[in-house]
């Protein structure tokens, strides 16, 4: 039954991808009979759960590509490397992947600090990295060979700040992780919120993957009497914060960005995360034909529902494959194709890259309600 479902979905996704191609033919070629795409993700460490999700999304994309005949008759192979979410290790991984001359593009990195650390290596060796999770504004300046399928924190920060105003919240406290990602997100949200007339009544940092006790942070915030709390971090700490806030009797609305959009937030936080507000670019219950086909294929392959980062990685892998298929098996030609990419319909929306390699697409508003993510309507 699993094989039958996979074959059906493969055909569906192949037809949709072919219809969405921009045309043209490969004008280059690799001496190898295999097309290699790299993967750089935190397969161990604090972000390992996200890294595994990214790996599964990319592996599924490769499997479906090969089931549909590969690229110009050549099979696609994923070369996966573990950057541990660490900038120093990310540089090592980037060096290793760029040294493999058969690798024509890289899905990764996930953590913004890792993407920034690897960027000089990718630029020097003219190999693109397409990040499924790095949203720091600093990534916009990483160079011509860095792209991302996730929107920037600047975009999401402004989106959520405007939403905060629409909800009538006058005073907001910020809790953020002390990383490039968290600091950048907190800064852009605060700036945007203040521009909408919202007062920031406290901004507290924690160490990602290490801070487990948020009692002192929550006590400070409680004393400042905010109307809501904005979280600039990932779902694991967000769930802890919500549960400990509940234990302290601190009943406030929480807001965040799409980094919180994971079933793990609900599994870890339980009823404490009910009412969380956040934007989302991937909805497993979407009526979109391509998204439904992806969800079916992923569920059949892994016996679990895909998360946001699996979807981003699926899109990133297919975008690199589209570049190779349409512009040739050459690193510089892949970059040329991506630099002008417009209108690629993926499972996370329609993807356009701007001059900085940043993706442009609009989210929907989501709320955690009755133990699941649902479309938010006021």
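In the UniProt record's numbering, the protein residues as written are 1 to 378. Using N, Cα and C, we set each Cβ at its ideal position, and we do this for glycine too. Being a predicted model, the structure only gives us computed values, none of them experimental.
Residue 188 lies in the alpha helix (DSSP H); which residues open and close that run? It spans 180-195 - the alpha helix (DSSP H) in which residue 188 sits, taken as one unbroken run.
Which same chain residues, not among the five before or five after residue 151, have their C-beta less than 7 Å away from its C-beta? The answer, listed in chain order, is 135, 359 and 361.
Since I believe residue 219 is in contact with residue 198 (beta carbons under 8 Å), could you give me their beta-carbon distance rounded to a whole number of angstroms? At roughly 22 Å, the Cβ-Cβ gap does not stay under 8 Å, so residue 198 and residue 219 are not in contact.
Mind reading off the beta-carbon distance from residue 169 to residue 242? Whole number of angstroms is fine, and I expect it under 8 Å. Contact flag wrong, Cβ pair sits at about 17 Å.
Once DSSP output is grouped into helix, strand and coil, what is the label at residue 159? helix
Express the C-alpha separation of residue 201 and residue 253 in angstroms, rounding to a whole number. 15 Å
Close-in-space but distant-in-sequence residues of the same chain around residue 40 (CB under 6 Å, 5 per side omitted): 81, 83, 93, 106, 108 and 109
Would you check if the stretch 261-276 and the stretch 234-241 touch, i.e. whether three or more CB-CB distances between them fall below 8 Å? yes
In the DSSP assignment, find the beta strand (DSSP E) that holds residue 367 and state where it starts and stops. 364-369
DSSP state of residue 118, grouped into three classes? helix
Suppose you measure from the CA of residue 180 to the CA of residue 188; what does that come to, to the nearest Å? 12 Å
Closer than 6 Å by C-beta to residue 429: which residues in its own chain qualify, once you throw out the five before and the five after it? Chain order, please. Within the shown structure, residues of the chain are numbered from 1 to 378, placing residue 429 beyond reach of any answer.
Contact check, residue 232 vs residue 278 under 8 Å by CB: the rounded distance? Contact flag wrong, Cβ pair sits at about 12 Å.
Rounded C-alpha distance that separates residue 100 from residue 312: One C-alpha to the other measures close to 24 Å.
Could you spell out where the beta strand (DSSP E) holding residue 351 opens and where it closes? 349-353
Please list the terminal residues of the continuous alpha helix (DSSP H) segment that includes residue 224. 215-224 is the extent of the alpha helix (DSSP H) around residue 224.
Ignore the nearest five residues each way along the sequence and tell me which others in residue 302's own chain have a CB closer than 7 Å to its CB. 56
Expected contact under 8 Å - CB spacing of residue 203 and residue 174 to nearest Å: 4 Å
I'd like the list of long-range same chain contacts for residue 95, defined as Cβ closer than 7 Å, with 5 residues on each side in sequence excluded. The answer, listed in chain order, is 121.
Residue 203 bridges to which residues according to DSSP? 174
DSSP beta-bridge partners for residue 80? 39
Comparing alpha-carbon positions, which option in 67, 193 and 118 lies nearest residue 161? 193
If you follow the alpha helix (DSSP H) that residue 294 is part of, which residue opens it and which one closes it? 289-302
I'd like the span of the alpha helix (DSSP H) that includes residue 44, first residue to last. That residue, residue 44, is in no alpha helix (DSSP H); it is neither H nor E in DSSP.
Taking contact to mean at least 3 C-beta pairs separated by less than 8 Å, is the stretch 306-324 in contact with the stretch 341-360? yes
8 Å Cβ shell around residue 138 - same chain, five flanking residues per side excluded: 112, 116, 180 and 184
Return the CA-CA distance between residue 35 and residue 338, expressed in angstroms with no decimal places. 17 Å
Would you check if the distance between the CB atom of residue 62 and the CB atom of residue 43 is smaller than 8 Å? no
Nearest-angstrom Cα separation, counted from residue 38 out to residue 66: 16 Å
So if DSSP puts residue 228 in a beta bridge, which residue, or which two residues, is it bridged to? Beta-bridge analysis with DSSP links residue 228 to 172.
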